[in-house]
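*Asks:* My questions will all concern the structure given below.
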Amino acid sequence: MLHQHLIVAMPIEAKALIPFFRLKKLTHAPAFEVYRRDNLWLTISGIGKVASAAAVAYTHMLAGHNSFSSWLNIGIAGHGHVELGDLFAAHKITDADTGHSHYPSLTFTLPCQTEEVFTVPKPVIDYPVHGLFEMEASGFYYSATRFTSNELVQCLKVVSDTHHHPIESITPAWIEQNIKNHLESIEHVLQHQKVLLEELEVAHHVPNAFEAIAQKWRFSQQQKTQLQQLLRRWHLIWGDTTSAESAISGCRNSRECLQALSDTINKQPTALD
Amino acid sequence: MIDTIYIEAALEDHPRVTGILKRYPNARRITCERYGEVFNPKAQNFRLQKKKPALILAQKHKGFVLPAPDGYGIGGAHNYYFSHMLNCLYDCRYCFLQGMYRSANYILFVNYEDFDQAIRLTASQHPGQSIHFFSGYDCDSLAFENTSGFAAHILPLFRERPHTLLELRTKSTQISTLLETEAIDNVVVAYSLNPDNVAKSLEHGAPGLSARIRAMLKLAESGWKIGLRFDPLIYQSHYQTLYRELFKQVFSVLPERSIHSVSTGPFRLPDGFFKKLIRLYPDEKLFAGPLSSDNGMTSYDTALEEEMIAFCKAQILNYIPEEKFFRCTL
Chain G
0 MLHQHLIVAM PIEAKALIPF FRLKKLTHAP AFEVYRRDNL WLTISGIGKV
50 ASAAAVAYTH MLAGHNSFSS WLNIGIAGHG HVELGDLFAA HKITDADTGH
100 SHYPSLTFTL PCQTEEVFTV PKPVIDYPVH GLFEMEASGF YYSATRFTSN
150 ELVQCLKVVS DTHHHPIESI TPAWIEQNIK NHLESIEHVL QHQKVLLEEL
200 EVAHHVPNAF EAIAQKWRFS QQQKTQLQQL LRRWHLIWGD TTSAESAISG
250 CRNSRECLQA LSDTINKQPT ALD
Chain H
0 MIDTIYIEAA LEDHPRVTGI LKRYPNARRI TCERYGEVFN PKAQNFRLQK
50 KKPALILAQK HKGFVLPAPD GYGIGGAHNY YFSHMLNCLY DCRYCFLQGM
100 YRSANYILFV NYEDFDQAIR LTASQHPGQS IHFFSGYDCD SLAFENTSGF
150 AAHILPLFRE RPHTLLELRT KSTQISTLLE TEAIDNVVVA YSLNPDNVAK
200 SLEHGAPGLS ARIRAMLKLA ESGWKIGLRF DPLIYQSHYQ TLYRELFKQV
250 FSVLPERSIH SVSTGPFRLP DGFFKKLIRL YPDEKLFAGP LSSDNGMTSY
300 DTALEEEMIA FCKAQILNYI PEEKFFRCTL
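First to last, the protein sequences are chains G and H.
Its first residue numbered 0, the first sequence is counted upward by one per residue in numbering that gives the first Met the number 0.
Its first residue numbered 0, the second sequence is counted upward by one per residue in numbering that gives the first Met the number 0.
Structure below.
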């Protein structure tokens with residue numbers, strides 16, 4: 000089952016997203032505020048890269064540490080040279096503390112410009128270099144890429160402060176409205192992440208016969224993996240796995256079952272078209 | 000085609016980088032310190048990244064010319080390869096690159112002059128002996144030529160060294176560089192070929208068989224020597240019909256005098272690469288076939304492999320003399 004995750008730092012950022020995606024608060028998540036509807040999750044991490052990394056790890060476990068997940072960090076950031084309210088995706092995330100950089104893979108067309116993001120420990124007011132300044136992205140990215148591949152991890156940042164609009168002038172209402180202004184773009188990114196996830200999920204689909212066969216005998220974990228692989232091959236060759244049952248009818252244990260499936264498959268020529 | 004270009008910071012003012020960036024004015028440009036920061040991280044999915052690979056412009060620091068693996072060659076006493084690029088514009092499902100690299104992004108090493116120097120040095124180490132250089136081991140030699148200009152750069156070096164031989168391995172129809180250059184006797188343009196249904200099913204993004212044959216013919220008519228690489232041989236129940244038809248199609252249009260060499264090789268991958276491919280493409284029919292592991296390599300079983308090679312060799316020898324035939328045993 001695939002899961003899509005939104006991570007925001009502040010409740011006010013979540014306020015624009017929760018009604019739009021019709022998310023409901025989970026009552027059994029004490030460490031962070033977590034909202035969910037079906038496969039879409041939203042977690043409010045609190046401010047800072049450590050909080051963001053912890054929120055990703057917590058949500059991953061809460062969601063059942065699924066293999067197929069996407070992650071999207073949404074937040075605000077300062078920039079010295081662009082327009083207030085503009086949306087950017089991160090194409091490079093540099094942790095100002097360590098100097099270490101991450102490079103999210105941009106494998107689909109984004110709905111906005113991209114920019115380098117600098118994750119800093121404290122708010123920056125002089126914007127010393129070209130780029131976005133914020134406080135979560137490096138922790139978010141570091142943690143999320145432990146659980147999924149980097150094509151499925153993105154950061155979107157709305158420009159909240161510039162030289163002309165200092166950080167002190169940001170209000171909660173402004174943040175909520177400016178996140179709302181980009182809901183369509185956020186949805187666009189989620190939709191593209193979903194397409195990628197669905198491709199992986201379909202490719203790794205476990206054939207229907209697996210559960211029934213796995214219950215016939217005692218299979219070790221490694222043998223279960225082998226059984227899944229053999230049944231996938233069977234499905235690719237014959238189009239379904241119903242005929243696999245007859246191939247293993249005379250088997251007495253899991254080892255014989257795997258051998259019978261393997262022997263039958265390896266005798267079968269492959270047609271590519 | 001390319002939306003994102005990563006550039007090593009030290010190369011930002013390199014004239015070759017400047018030229019390449021001009022070709023992609025709308026691509027986003029991202030500076031990195033070393034290409035490994037982008038190319039090597041663990042959390043990458045080759046399959047997903049292949050949907051929109053980025054270009055990385057980098058500098059290679061060592062290993063410009065390397066000995067070719069045993070079993071790879073077309074009769075040279077000494078065999079070497081070099082890779083100015085890592086990864087290929089095409090997406091051939093049987094390709095070992097998918098198993099070797101974490102990233103599907105293309106790396107182009109722009110310090111061509113360092114390749115020149117290494118080739119000169121290597122060539123000078125074997126005076127009077129046949130020495131073969133293979134390009135296109137880690138990429139397609141010509142597919143990116145319009146951007147890289149690497150073949151155009153390297154060809155004069157080989158024209159000046161007739162005791163060497165250069166093989167440009169390709170599936171590409173980007174042959175304008177070669178057509179605009181006077182043919183060089185010791186340069187072989189080697190085309191990887193498979194039956195049409197294999198090309199359509201497994202060689203995603205590569206020119207079709209007919210287009211490759213047309214490109215070969217144009218090159219042959221311009222005086223270039225052609226290599227034919229029926230490699231990897233892909234098993235299907237009716238493989239004999241398919242390969243017989245393929246050989247007929249190729250040899251009926253290509254004059255024998257233009258054919259430098261013909262080689263075949265089985266479908267073979269190191270076990271580790273094959274396992275990675277299965278994880279990436281569990282839905283790929285090719286990998287559902289009769290493959291098994293032996294001595295750390297995944298391949299068709301020996302009897303089947305030998306049967307296929309013997310059949311193909313016999314068919315090929317209907318068209319060319321045996322001294323032009325080579326078997327890749329990599």
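Glycine residues also receive a C-beta, built at the ideal position from the N, C-alpha and C atoms.
Everything numeric in this text was worked out from a predicted model, so none of it was measured.
Between which two residues does the alpha helix (DSSP H) carrying H/ARG119 extend?
*Replies:* 111 to 123 is the extent of the alpha helix (DSSP H) around H/ARG119.
*Asks:* Closer than 7 Å by beta-carbon distance: list the chain H residues that pair up with G/ILE236, in chain order.
*Replies:* Chain H residues near G/ILE236: ALA287.
*Asks:* Can you check whether the C-beta of G/PRO165 is within less than 9 Å of a C-beta belonging to chain H?
*Replies:* Not one chain H Cβ lies under 9 Å of G/PRO165.
*Asks:* Quick one: Cα of H/ASP113 to Cα of H/ARG33, how far?
*Replies:* Cα to Cα, the separation comes out at about 18 Å.
*Asks:* Can you say whether G/GLN190 is buried or exposed, counting buried as having 16 or more other CB atoms within 10 angstroms of its CB?
*Replies:* So G/GLN190 counts as exposed.
*Asks:* If contact is defined by three or more beta carbon pairs under 8 Å, each pair taking one atom from either stretch, is the stretch 173 to 187 of chain H in contact with the stretch 144 to 161 of chain H?
*Replies:* They touch, by the three-pair rule.
*Asks:* In the DSSP assignment, find the beta strand (DSSP E) that holds H/GLY74 and state where it starts and stops.
*Replies:* Per DSSP, H/GLY74 belongs to no beta strand (DSSP E) and is neither H nor E.
*Asks:* Thinking G/SER40 and G/LEU5 are a contact (beta carbons under 8 Å), I'd like their distance in whole angstroms, please.
*Replies:* Here the sequence assigns Trp to residue 40 of chain G, which means Ser is not the residue at that position. That pair is a contact at about 7 Å.
*Asks:* Evaluate H/ASN344 with the Cβ neighbour count: other Cβ atoms within 10 Å of its Cβ, from every protein chain shown; 16 or more gives buried, anything less gives exposed.
*Replies:* Absent from the model: residue 344 of chain H. The displayed extent of chain H is 0 to 329, so no value can be given.
*Asks:* Any idea which residues DSSP pairs H/LEU227 with across the strands?
*Replies:* Answer by DSSP bridge pairing, in chain order: H/TYR190 and H/VAL261.
*Asks:* How should H/SER123 be labelled, buried or exposed, when 16 other C-beta atoms within 10 angstroms of its C-beta is the threshold for buried?
*Replies:* By the neighbour-count rule (16 or more Cβ atoms within 10 Å), H/SER123 is not buried but exposed.
*Asks:* Skipping 5 residues on each side, what residues in its chain have a beta carbon closer than 7 Å to that of G/ARG232?
*Replies:* Same-chain partners within the cutoff: ILE264.
*Asks:* Suppose only complete runs of 4+ residues qualify. What are the alpha helix (DSSP H) ranges in the stretch 226 to 304 of chain H, listed by chain order?
*Replies:* Fully enclosed alpha helix (DSSP H) runs of 4 or longer: 238 to 252 and 270 to 279.
*Asks:* Which residues in the same chain have their Cβ closer than 7 Å to the Cβ of H/TRP197, if we skip the five residues on either side of it in sequence?
*Replies:* According to the sequence provided, residue 197 of chain H is Val. The question's Trp does not apply to it. Excluding positions up to five away in sequence, the list reads ILE233.
*Asks:* Who are the neighbours of H/GLN43 on chain G, taking C-beta pairs under 8 Å?
*Replies:* The contacting residues are SER104, SER148, ASN149 and GLU150.
*Asks:* Quick check on H/PHE108: does DSSP put it in helix, strand or coil?
*Replies:* Strand at H/PHE108.
*Asks:* Which value, in whole angstroms, describes the spacing of the CA atoms of H/GLY62 and H/LEU54?
*Replies:* The alpha-carbon atoms of H/GLY62 and H/LEU54 are separated by roughly 21 Å.
*Asks:* For H/ASP2 and G/LEU105, which I take to be in contact (beta-carbon distance under 8 Å), what is that distance rounded to the nearest angstrom?
*Replies:* The pair is a contact, with the Cβ atoms about 7 Å apart (cut-off 8 Å).
*Asks:* State the start and end residues of the unbroken alpha helix (DSSP H) segment that holds H/GLU36.
*Replies:* Counting along the chain, the alpha helix (DSSP H) containing H/GLU36 begins and ends at 35 to 38.
*Asks:* For G/LEU199 and chain H, any beta-carbon pair shorter than 9 Å?
*Replies:* So yes, G/LEU199 belongs to the interface.
*Asks:* If you drop the 5 nearest sequence neighbours on each side, which residues of the same chain put their C-beta closer than 8 Å to that of H/ASP184?
*Replies:* Excluding sequence neighbours, H/ASP184 sits near PRO161 and LYS224.
*Asks:* Going along chain H in order, which residues have a C-beta closer than 9 Å to the C-beta of G/PRO268?
*Replies:* In chain order: TYR234, GLN235, SER236, HIS237, TYR238, GLY288 and PRO289.
*Asks:* Under the rule that 16 or more other beta-carbon atoms within 10 Å means buried, what is G/SER68, buried or exposed?
*Replies:* With 16 or more other Cβ atoms within 10 Å, it is buried.
*Asks:* Alpha carbon to alpha carbon, how far is G/THR118 from G/ALA95? Give it in angstroms, no decimals.
*Replies:* Roughly 6 Å between the two C-alpha positions.
*Asks:* Which residue comes first and which comes last in the alpha helix (DSSP H) that contains G/ASP262?
*Replies:* From DSSP, the alpha helix (DSSP H) with G/ASP262 extends over 253 to 265.
*Asks:* Would you kindly report the start and end of the unbroken alpha helix (DSSP H) that includes H/ASN145?
*Replies:* Counting along the chain, the alpha helix (DSSP H) containing H/ASN145 begins and ends at 144 to 147.
*Asks:* Residue range of the alpha helix (DSSP H) that H/ILE174 falls in?
*Replies:* That residue, H/ILE174, is in no alpha helix (DSSP H); it is neither H nor E in DSSP.
*Asks:* Relative to the alpha-carbon of G/HIS162, which residue among G/GLN267, G/VAL55 and G/HIS129 has its alpha-carbon at the smallest distance?
*Replies:* Nearest C-alpha to G/HIS162: G/HIS129.
*Asks:* Taking Cβ positions only, does H/VAL261 come closer than 9 Å to chain G?
*Replies:* Not an interface residue.
*Asks:* Check whether the Cβ atoms of H/VAL186 and H/LEU164 sit closer than 9 Å, and answer yes or no.
*Replies:* Their beta carbons are under 9 Å apart, which means H/VAL186 touches H/LEU164 by this criterion.
*Asks:* Name the one or two DSSP bridge partners that G/ASP160 has.
*Replies:* Partner(s): G/GLY77.
*Asks:* Would H/ILE4 and H/TYR23 be called neighbours here (beta carbons separated by less than 9 Å)?
*Replies:* Cβ distance < 9 Å, so H/ILE4 and H/TYR23 count as in contact.
*Asks:* Give the straight-line distance between the Cα atoms of H/ILE106 and H/TYR100, rounded to the nearest whole angstrom.
*Replies:* Looking at the two C-alpha atoms, the distance is approximately 11 Å.
*Asks:* Which residue comes first and which comes last in the beta strand (DSSP E) that contains G/TRP40?
*Replies:* Segment 39 to 43, the beta strand (DSSP E) holding G/TRP40.
*Asks:* Just the Cα atoms here: how many angstroms apart are H/ILE308 and H/PRO194?
*Replies:* So the two alpha carbons sit approximately 15 Å from each other.
*Asks:* Sort H/ALA103, H/ASN25, H/HIS83 and H/GLY74 by Cα distance to H/LYS41 and report the nearest one.
*Replies:* For H/LYS41, the nearest C-alpha among the options comes from H/ALA103.
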